[in-house]
Each structure stands twice: as structure tokens, then as C-alpha cells.
Amino acid sequence: MLRTFLLAVRAVFVRDMLHFWRERSRVIGFVASPLLFWLLLGAGFGDMGKFFNGSLLLSVMFTAVFSTMSVIDDRREGFLLSVLSAPAPRCALVSGKVLAGAVMSGVQGLFFLPLLIVTGRPMGLADVLAATGALVLCGASFTSLGFWMAWKSKTPQGFHAMMNLILMPLWMISGALFDASTALPWIRSVMALNPMTYFLATLQRTIPADPNWAGPALGAGLLWTSVCGILFLTAAIMNVERRPLGKDSQ
Amino acid sequence: MGGTIVEASGLRHLYGQRAALDGLSFTVSEGDVYGILGPNGCGKSTLFRILCTLERPQQGTAAIASVDAAKGGIRLRKLIGVVFQNGSLDRRLTVRENLIAQGHLQSISGPGLQTRVDELLAEFGLETRAGDEARTLSGGLKRKVEIAKAIIHKPRVLLLDEASTGLDPAARREMWAALNRLRTASPVTILFTTHLMDEADNATRLLMMSHGKAVAEDTPERLKARVGGDVVEFESESPGLADDLKKRFPVEVNESGGRISVETPAGHRFIAEAFEAFPGRITSASLHRPTLEDVFFRVAGELLEGSGTEAADA
């Protein structure tokens, strides 16, 4: 059974990576988008270090979440039908997608990290490894969330709208744009409850771009990013098991 | 033919108030090529989704090799190969990559998988296209790859849902030639759904479905024999012609959707008599041997609309 599961995860993972590689525009967007966010925000606020991790989080979020958008159409016609009708547990589908999203996030970070030199805070090999781990963890959590929401959506447009409505505001109040210390008390409370605050903390505490970061500690970041990831993953798996064709089966 | 391999009993499935399946029962014997013929929206695709465990029946049971579709998900999926109406190829993967991915999904890996993939590429004449992305293939070639994918693990039952949809007649013939070669080479049972009567002729047994129910089941030849002699079809703009034909001649007359169809032992004589009896009321007449369309028209009282249309089924 484990072999069946692992081979199915491999099939989904390899397929997603080949797809990603063969869609050149995605690769360009993948490399260029965090760079653009960082350059514009950093230059605009006159502090290149302050927005480094916030930009990285935003691009990891986009990459991971939007890599799951294809499942909406794929389960009606396409590769996912093969997975859903194969004798592998359907959680292999979610696991393969999440693994691919996590790896893409890690790779994306590796492209981006050398730019830290511009901020005057270069990293050692151990820092790079820790940062990669943090990126992979954030990517896995975001992909799980994206998969869960995508399976609940009927159209890619609906999914896109829903993700923009939920994720962009959460990113804005994660500490990526402003510190909790300068915010009104009620926003500060919301920031403390925002899962993305802890995603950002995981990056901030492993990638030393902004030494003045005053958000949660590494332990809290790792703990809540992992807990959220597990919850999103469980929700995604339960959704697929219960409703293999998503909303279409209603 | 062998024992029962697919069994559906009292299947009922509702979408809101509409019954897609309404007490459907049938059995398929091992080795059969079992066709399910019906117009779009008659419930074929719902049945298909239940058989490949993508949907749970709300009432009744469906089983393959005694494995219940509602309970034995993974066990049942080991027994089947599936060709979907809308296709399940990954457009950006090559033919070989699609087959390898399918092998992994079926728990086949290593040299055994490579050998099986080479075998299938040769069997379906796909060797020269093995490195091409699936999106570059013609509709007919895509179907061949779909079938190769579906049988990579040598399933006991091959399920095809409107598999020839979108194919031209030549590609459809080629697809069936490939399926017939497969049958001679391995003891696979084929269950296919279609709304095309010429495709339904490939079945060794045929179930006709209308509004979620079975309306007839037999071999295509015996089904056609139910309509005796010739079938004459009239076109007319004169209201009440069907009723007048019934009153005037001792024949079976069916009317639906503007088509008047008459079953008669000697069609050529009947046409002459009808024109004489109702001068000016008949626009045109045609005569042919009974087809499955005629049988369906007779047993279901509706047409197998749009042979060749691509509308989605329920």
C-alpha cells in the first residue's frame, strides 16, 4: 500500500514539475515576480531589507496557491481523472501536488536569496539551508490551502477571486508592510491571530534581511506554520476523499 | 462467455429533482463487449462515474467482480481501466511520459514498466510519436494513447465513456479495430457507453437506456429483428398524417419530433399505397432496413438525437 501511495505521489509530482518547466511564462513569472515586488516596495519605502521577506512570502504564496488552480479543470478533463480512477489512495493526489508546490517554493527562494547581498547581509551555507527549509514549509502550507480552496471552487475565476479576497488582506496584515507596534490595537490583535504573520515570522527568523523585525519568534513561526499546514492538508484530503469530482459531483 | 463480471441492481441517482438513474439493473458477462446506448442526458455518464467510483450511488448497488463500487474503492479500481469522454491525457507530457505516469499510478515501475510501455507503443503504432507532447496529436491518436494508458495494468474490465466523441468516422473505425485486437489478445471485458448507433453495433450485447431506465437489452441483431421487415420514414407538413396512416393500414406507426416511421414487411409497396391514399400530404418518403435507431425509437419513443453531437451527458 505504501509503495502504491509513493508511486502515485511520484506520478503527480513529476507531472507538475514537468508542466512547470515546459510553461516558460510560468518560469519567467516565477523568477521575476518576487524580484519586482521587492524592487518596487524596497525602493518605494527606501529600505531594501525591510521588504525582502514580505516580497518573498507574497511570491511563494502566489506560486504555491496558483499551482493548484489547474485542479479545477483537470478533474473534469485531464490528468487528474487518471489519478482519481487509479487504485491509489486519493490522498496521494493532494500529497503529490503539495510536494510539488513546496519544492517550487524552495527553488524560488534559492533564486532569490543571493540578492540579499544588496542589503549588505549575505548568508552562509547553513543559513541558506535553513531558509530553504522555511520556504518549503511555507510553500507546503500555502499549496495545501490552495488545493483545499480549489477543490471547493467551480471555476478558476471563482477560485482566483476567493484567494484574492482572503489572501491579499492576510498578507497585508502579516507584518510584511507594517510592524504590529505601529498599528492600531484592534489590527494588532488581528495580526496576532493571522496565520500568515507566523509564515512571515518563519522566513524573517531564518533569512536575516530585516534585523529590526519585531514579530513572533522562530519557535512560534515554525509551530503555527506547521499546524496550519497540517490543518489545510487534512481539510484538502478529506475534501477529495468525500467528493472526488469536487463541486461537479453535486 | 464467462460468468457475471459487472452487476448493477436498482441503481437510482438524483440531481436535485431529476433522476439521472431510475432503478437501473443489468449484468455483464466476462468477455462481453457490452454497449450502453442512449441519447445525451439519459444517465450513461452517471452510471459510468459510479462504476469507476467517482460517484456513490444514492440507491441500489453496482459491483465489478463482486467488489461493491460504493465500498471497495481501491480494490475495484485495480480491476478496471478507464477511457473518459473528455480525455485524461496530460497535454504537456509526451506520449511516453503519459504512459509512464499511468504505470506509476497503477503501481508499476522500473524495467517492467519500461517494457510494458514499449509493448504498448508498438501495439498501437505510436513508436514514432512517443516523444511528442500529447497536445500535438490528432484526435484519433489521442484516443489510441488513452486506450493504451487504460490497459497498461491489464485490467479485467475496460470502461469507455463516449470514447469516440469528437472522432471522425475513420478514427472511430481505427479505435474499434484497436479494441478488437485487444480483445483477441487478452481476456478483457469491454463496457462502453455511446449515443451513436453505428458504434453500438460493435457490442456483443446492448442495453438501451432512456431517462435513467433500461428499455431493452439483447444482441444488436436480435434487437433489430424486433422491428420486422422494412422501416419507411415519411416527411409531411400535413397534420394528423400519422393517425390517418394508423387508421388506414394495419401497421406499427411511430411519430416523434416530426418524424413518422412505419414498420412494414414490404416497404416499397407500402410507399406506393401511402402516396395513393394520401395524395399531396406526403412530402417525401424513404425506406431502409431496421437500424438500432429504429429499435430505440420503438422501445423508448424518442430519437437518439444528434448522432454525432457532442453535448455533455448527465
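Which chain is which? The protein sequence lines are A and B, in order. All you need for the numbering used here is the position in the first sequence, starting with 1, plus 764. All you need for the numbering used here is the position in the second sequence, starting with 1, plus 90. Quick reminder that beta carbons are idealized off the backbone N, C-alpha and C, glycines included. Keep in mind it's a predicted model, so treat the numbers as computed, not measured.
Residue span of the alpha helix (DSSP H) that contains residue i, given as start and end
i        : result
B/ARG338 : 331 to 338
B/ALA362 : 357 to 367
B/SER351 : First-last for B/SER351: 349 to 354, but that is the beta strand (DSSP E), not the alpha helix (DSSP H).
A/VAL862 : 855 to 876
A/ASP943 : That residue, A/ASP943, is in no alpha helix (DSSP H); it is neither H nor E in DSSP.
A/THR907 : 889 to 916
B/ARG388 : 382 to 390
Boundaries of the beta strand (DSSP E) in which residue i is found, first to last residue
i        : result
B/GLN149 : 149 to 154
B/PHE324 : 320 to 325
B/ARG295 : 295 to 300
B/ASN344 : 342 to 346
B/GLY177 : Element bounds for B/GLY177: n/a, residue is neither H nor E.
Where residue i sits in the DSSP three-state scheme
i        : result
A/ASN815 : The identity of residue 815 of chain A in the sequence shown is Phe, whereas the question assumes Asn. Three-state result, A/PHE815: coil.
B/LYS239 : helix
A/SER953 : helix
B/ALA306 : strand
A/SER823 : helix
A/GLY806 : helix
B/SER276 : coil
B/GLY372 : Sequence check: residue 372 of chain B is Ile here, not Gly. Coil, per DSSP.
B/ASP288 : helix
A/ASP780 : helix
B/VAL157 : strand
B/ARG198 : According to the sequence as given, residue 198 of chain B is Ile; it is not Arg. B/ILE198 falls in the coil class under three-state DSSP.
A/ARG790 : helix
B/SER397 : Confidence at B/SER397 is low in this model, with a pLDDT of 43, below 50, so the placement of that residue is unreliable and no value is reported for it.
A/ALA978 : coil
B/SER135 : helix
A/GLY884 : coil
7 Å Cβ cutoff, residue i in contact with chain B
i         : result
A/PRO920  : no
A/THR768  : yes
A/HIS783  : yes
A/GLU1005 : no
A/ARG774  : yes
A/ARG786  : yes
A/LEU800  : no
A/LEU857  : no
A/PRO972  : no
A/LEU771  : yes
A/PRO959  : no
Beta bridge counterpart(s) of residue i as assigned by DSSP
i        : result
B/VAL118 : B/VAL96
B/ALA109 : B/LEU104
A/TYR962 : In DSSP, A/TYR962 forms no bridge with anything.
B/PHE408 : What the structure shows of chain B is the stretch from 91 to 404, and residue 408 of chain B is not part of that stretch, so it cannot be assessed.
B/GLY256 : Partner(s): none; B/GLY256 has no beta bridge.
B/LEU377 : B/VAL322
B/ILE170 : B/VAL247
B/THR184 : B/GLU223
CB contact below 7 Å: residue i versus chain A
i        : result
B/CYS76  : This structure gives no information on residue 76 of chain B, because the portion of chain B shown stretches from 91 to 404.
B/GLN204 : no
B/PHE174 : yes
B/SER254 : no
B/ALA293 : no
B/ALA109 : no
B/ILE466 : Beyond the ends of chain B as shown, which are 91 and 404, falls residue 466 of chain B; an answer cannot be given.
B/LYS168 : yes
- Query: Between the region 840 to 851 of chain A and chain B, which residues of the former have CB atoms less than 9 Å from a CB of the latter, in chain order?
  - Reply: ARG840, GLU841, GLY842, PHE843, LEU844, LEU845, SER846, VAL847, LEU848, SER849, ALA850, PRO851
- Item | Cβ-based contacts, 8 Å cut-off: residues of the region 877 to 894 of chain A near chain B | none
- Task: Could you name the residues of the region 142 to 160 of chain B whose beta carbon sits closer than 8 Å to any beta carbon of chain A, in the order they occur along the chain?
- Result: CYS142, THR143, LEU144, GLU145
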